[in-house]
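>
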Amino acid sequence: MKNGIENDSINTAKKFSRAIKKIKEMGKVLIAFSGGVDSSLLLKIAVDALGAGNVVAATIKTPLIGDFEIEEAKKIARLFNCRHIIREKNILELENVRKNPKRRCYFCKKEVFSLISEISTQLSFKYILDGTNFNDTSSYRPGLKALKEYSVISPFVEEKINKKEIRQYAKNLYLPFYQKPSSACLATRIPYRSRITAIKLEKIKKAEDLLRSLGFFNLRVRYHNKIARIEIDPNDFGIVINKKNCQKIVEELKKLGFKYITLDLEGFRSGSMDE
C-alpha cells in the first residue's frame, strides 16, 4: 500500500514537472483567473516559473459570479504579487445566456474568452492558460469548446492532472486555499430553459452568503421558482436541523421571496442540474 502511494506521488510530481517545463518555455502568460483552487495553483506555478513580471491574471466579472469569489481572486493575486486585471461584462445582455439553454455555458465562455483574448492582444501576450483539470473533461462541460476556439492552453488537462492531485500539490506548497470548495457560476443553480434574471441571481447570492456565514463548506442553493433547494454535505445536516439555525435560514430565505425552503437529502452534488 505504501509503495502504491509513493508511486502515485512520484507520478504526480512528474506530471507537474512537465507542466512547469512547458510554462517556462512560453516566456510570459496570461492566466484566465477565477480564484478557484485550480486557477490559483496554476497562477502560483506560473509566477514561480516565469517571475511575477511575466504573468498576468485576468478575471471577467459577470452577474453570474458571486462578489465573494471576486474578492477571493483579488486576495490570491495579491498573495502572489501578480498583476490582476478585472473587466466587467453584463453577460445577461446575451440572449443565449438569458434563455439558459443546455449550451448556455458555451455562449457565456465564448464571450468571456473573447474579452480575455482582447486583453492578451493588448498586452502582446501570446499564451492564454486556464486551470481546467482532467476531471472536467469527463463531465458535461459545453464551455470547453469555447476554450479550444480561442486556443486556450489547459496545462492540467494536457498532463492529465486531476482535482485530487491539484489539492495535494497545493497543500504540499502550504497554500492556504488548497481545501477551498469547488465553485460554479450562479447560473448552475437555475434549471435549464428557466430564464436567468438579475433578480434570481441576487436571491441566490444572498441565500448562499447566509449559509456560508453559518460555516457550511460545500453548498448550493438551487432555484426552483418559489422553492429553495439547499444542497450541503450530509455530515452538515445537523447544523441545518439545529432549531436556531433552521429558524434563521427559513426566515431569511422567505424574506428573499422563497415560499418553501427544502434540504436536499442526497446532499451536495456538483452539477446536480445535469442529472
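No gaps in the numbering here: position 9 of the sequence shown is 9 in my numbering, and each next residue is one more. Even for Gly, the Cβ is constructed at its ideal location relative to N, Cα and C.
By a C-beta neighbour count over all protein chains shown, 10 Å radius and 16 as the cutoff for buried, is residue 121 buried or exposed?
Result: exposed.
> For residue 60 and residue 45, what's the separation of their Cα atoms in angstroms?
Looking at the two C-alpha atoms, the distance is approximately 21 Å.
> So, at 7 Å on beta carbons, what are the nonlocal neighbours of residue 22 in its own chain, with the 5 sequence-adjacent residues on each side left out?
Counting only Cβ-Cβ distances below 7 Å, and skipping sequence neighbours, we find 155.
> Between 264, 272, 213, 271, which lies nearest to residue 278 when the distance is taken from Cα to Cα?
Because the chain is modelled from 1 through 275, residue 278 falls outside the range shown and cannot be assessed.
> Since residue 181 contacts residue 217 with CB under 8 Å, what's their CB separation in whole angstroms?
About 5 Å separates the two Cβ atoms, so the contact holds.
> If the criterion is Cβ atoms closer than 9 Å, does the pair residue 228 and residue 258 meet it?
Contact: yes.
> In terms of DSSP beta bridges, what is residue 58 paired with?
In the DSSP output, where bridge partners are listed per residue, residue 58 has 32, 85.
> Using three-state DSSP, classify residue 97 as helix, strand or coil.
DSSP places residue 97 in helix when its eight states are reduced to three.
> To the nearest whole angstrom, what separates the beta carbons of residue 187 and residue 104, a pair I think is in contact under 8 Å?
Indeed they touch by this definition, with Cβ atoms about 6 Å apart.
> What residues match up with residue 230 in a beta bridge as DSSP calls it?
Bridge partners of residue 230: 221, 263.
> Tell me where the alpha helix (DSSP H) around residue 106 begins and ends.
104-123 is the extent of the alpha helix (DSSP H) around residue 106.
> Could you have a look at residue 214 and say whether DSSP puts it in helix, strand or coil?
Correct three-state label for residue 214: coil.
> Within the chosen definition, does the segment 18-35 reach the segment 125-140 through at least 3 CB pairs nearer than 8 Å?
A contact exists between the segment 18-35 and the segment 125-140.
> Please go through the same chain and pick out, in chain order, the residues whose beta-carbon is closer than 6 Å to the beta-carbon of residue 234, but skip the five residues on each side of it.
Counting only Cβ-Cβ distances below 6 Å, and skipping sequence neighbours, we find 267.
> Considering residue 127, what are the terminal residues of the beta strand (DSSP E) in which it resides?
Its beta strand (DSSP E) spans residues 127-130.
> Using the three-state DSSP reduction, which class does residue 190 fall into: helix, strand or coil?
Coil.
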